[in-house]
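A quick write-up on the structure given underneath.
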Amino acid sequence: MKNYFILLLCLLGLQSYAQKASDFYTDKIKEAKKTVNLVKDYKVNNKDDQDDSKNLQKAIDDLTAIKKGGVINIPEGKYYFKNIILKSNVHIVIDEKATIYATYPGSDKNFMIMSFGDESHRAKNVSVRAKKGMYTVDLSVSKNKNVRMFQVNNSENFLIEGMNILDDNTKFNGITLGYCKYNGKYVMPENGVIKNCRIEKAHYGYGLIQSQASTNVYYENIWGDGGVTLRLETGLKKMNDLQVGGNHNIHGKNIYCQNGNAALMISPHSMQNGHVEMDGVESVNCGFAVRIGKGYVSKKQKVANLKPGTYANTSKVSNIKSTYGTTAQVKSKHFKYMPCPERKLIDGKNPDGESFKAPSCVTVVNTAKGKGGAPKGYWNVEITNVESVGYPHQSKDILYEQDAVKNCKEGK
C-alpha cells in the first residue's frame, strides 16, 4: 500500500502547477534556539501504555517561552496523548517508527489529540512533521471513536507533514480546520501547508481533512482510503449562523481517494467562500472523484436573512481522473446519479452505518451549475481535463443537477 502511495506521488508530481508550498508557509525550524528529546529530556516512557500528555505539554510550554522557540524530537516508540495545545515557535519532529495513540478522555464526549492554538493562544510559526517518511497515528483502537488527530482553529504559518492515520470509522476527520473566538473576535487559521498525509478505513461522512474555515492554505500529496480525502464543506451550524469563517484562497495538488465517497468535495452551505483551485484529483472505487455542491440554507438554521452560500466564480478544478469500482461508499441520496443498470449492484450498508457498498456513479457531480445565480446558491467553477476509466454504463464525465434520475424501471 505504501509503495503504491509513493509511486502515485511520483507520477502526479510530474504535473506542472503554479502554486507551491513555500507560497503559503515559511519554515522557521532552523531559527529555533533549542532542541529537546521527549524521552531523554522529559522522561517519557515510550514502551508503556500510560498517558504522556503532561510531559509533551510541559516541553511545548518550556520552548514557546524561549525567543524563537525550539524543536521537540519524538523518537521511535509508542505514545499516548490527548488535548495537547501546540504553541508559537514550537516544532515537533516525529520518527517514522513512532506510533501515536489517543489517551482515553474519560467523560469527555469529543476530543482531539492535538490542537494548533486555542481560545487563549494564537499558535504562530509551528509545525508537526515526520523526521522522514511518515509517522503513524493509530485511531483504530481508540475506545472513544469521537476523536481527531489535529484541530486547527487559531494558528498562523503552520505545517502538518508526513502522517499516516490508521482509522476505523471514527466520527471526525483526521484533521479539522475551523474557527474560534480569540481576544474578542472570531479568527481562523491562515497561511498553512498540509502535505504528504494519508488515512486508512475512514468513515463515509468524514475522511482525512475537513476545512470549515481557513485562509491561504495549500494541500499537496494527500491520500485517503474511505470517506472524503479533502472536504471543503462549510456546514457547521453555529458558524453559518454567525457568518464567520469559510474557506478563502485554498489551493491543492495531488488529491487521491480509494474505496470511499470522493477525493474532493466542495460544498458552501450558507457561507460565502473565496477562491479554490485544485490540480490533480484521482479516485479509484469511489462514488465520485469530485463532488461540487450548490449553496443552500438548512432548515436547521434559525437566523433570519441567511443566503445560500457560494465559492468564488474564479474557482478551478483540473486534471481529474476516476476508475470505476463496485464497492464504493455511496449514500442513498446519490443513487440518482448512478446509471440504472448499475443500481442492481447496490449491496448492504458499510460499517459506517450510513453508506452502501455500491458502484461508482460518475467522475464529477456538479450541482453548483444552474439558473438563478448566487441567490439560488449557484456559482461557477471551471472544470478541465476529466478522464473516466472502466465505467460500463456511464457515458458522461460530469453530471449536473438536471441529470439526476430518481426512479428506474429496474434496479433499486
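Under the working numbering, the first residue of the sequence shown carries the number 108, and numbering increases by one thereafter. The beta carbon of each residue, even a glycine, is placed where N, CA and C say it ideally should be. Remember, predicted model here, so these are calculated numbers, not experimental data.
- Ranked by Cα distance from residue 174, the options 197, 152 and 331 are led by 197.
- Beta-bridge annotation (DSSP): residue 385 is paired with 359 and 424.
- Setting aside the 5 residues that flank it on each side, residue 250 is surrounded in the same chain by 211, each with a C-beta closer than 8 Å to its C-beta; the list follows chain order.
- Per DSSP, reduced to three states, the secondary structure at residue 414 is coil, with no helix or strand assignment.
- Our two residues, residue 407 and residue 344, have alpha carbons roughly 8 Å apart in a direct line.
- Proximity to residue 129 across 178, 165, 264 and 405 peaks at 264, based on C-alpha coordinates.
- Counting along the chain, residue 250 sits inside no alpha helix (DSSP H), nor does DSSP assign it H or E at all.
- Residue 369 is positioned such that its CB atom lies closer than 8 Å to that of residue 398.
- Under the criterion of beta carbons closer than 8 Å, residue 352 and residue 320 qualify as touching, at roughly 3 Å.
- Sequence-distant Cβ neighbours of residue 306 in its own chain, meaning closer than 6 Å and more than five residues away, are 272, 274, 281, 315 and 331.
- Taking 8 Å as the cut-off, the Cβ atoms of residue 431 and residue 497 count as close.
- CA-CA distance, residue 313 to residue 207, rounds to 20 Å.
- When the Cα atoms are used, residue 347 and residue 471 turn out to be separated by approximately 26 Å.
- Across the set 258, 327 and 225, the C-alpha of 225 shows the shortest separation from the C-alpha of residue 289.
- Rounded to the nearest whole angstrom, the C-alpha separation of residue 367 and residue 193 is 31 Å.
- Around the beta carbon of residue 159, 16 or more other beta carbons sit within 10 angstroms, so the residue counts as buried.
- Unbroken beta strand (DSSP E) stretches of 3 residues or longer found wholly inside the stretch 170 to 197: 177 to 181, 184 to 188 and 191 to 193, given in chain order.
- Listed in chain order, the beta strand (DSSP E) elements of length 3 or more contained wholly in the stretch 485 to 509 are 489 to 496 and 505 to 507.
- Spatial neighbours of residue 259 in its own chain (CB-CB distance under 6 Å, excluding positions within 5 residues in sequence) are listed in chain order as 223, 284 and 296.
- Counting the other CB atoms within 10 Å of its CB gives residue 231 a total of 16 or more, which places it among the buried residues.
- The beta carbon of residue 388 is closer than 6 Å to those of 362, 370, 371, 396, 397 and 427 in its chain, skipping five residues each way along the sequence.
- Shortest Cα-Cα distance from residue 242 to any of 214, 269 and 262 involves 269.
- If you ignore the 5 residues before and after residue 394, its C-beta comes within less than 7 Å of the C-beta of 368, 369, 435, 436, 437, 441, 467 and 468, all in its own chain and listed in chain order.
- Check the Cα spacing between residue 245 and each of 379, 255, 341 and 433: the tightest is with 255.
- Residue nearest to residue 425 within the set 492, 326 and 458 is 492 (criterion: CA-CA distance).
- In the three-state reduction of the DSSP assignment, residue 316 falls in the strand class, which pools E and B.
- Residue 410 sits exposed, since fewer than 16 C-beta atoms from the chains shown fall within 10 Å of its C-beta.
- Non-local beta-carbon contacts of residue 240 in its own chain, meaning distances under 7 Å to residues more than five positions away in sequence, involve 203 and 269 in chain order.
- In the DSSP assignment, residue 289 falls within the beta strand (DSSP E) that extends over 287 to 289.
- As the crow flies, the alpha-carbon of residue 451 is around 39 Å from that of residue 301.
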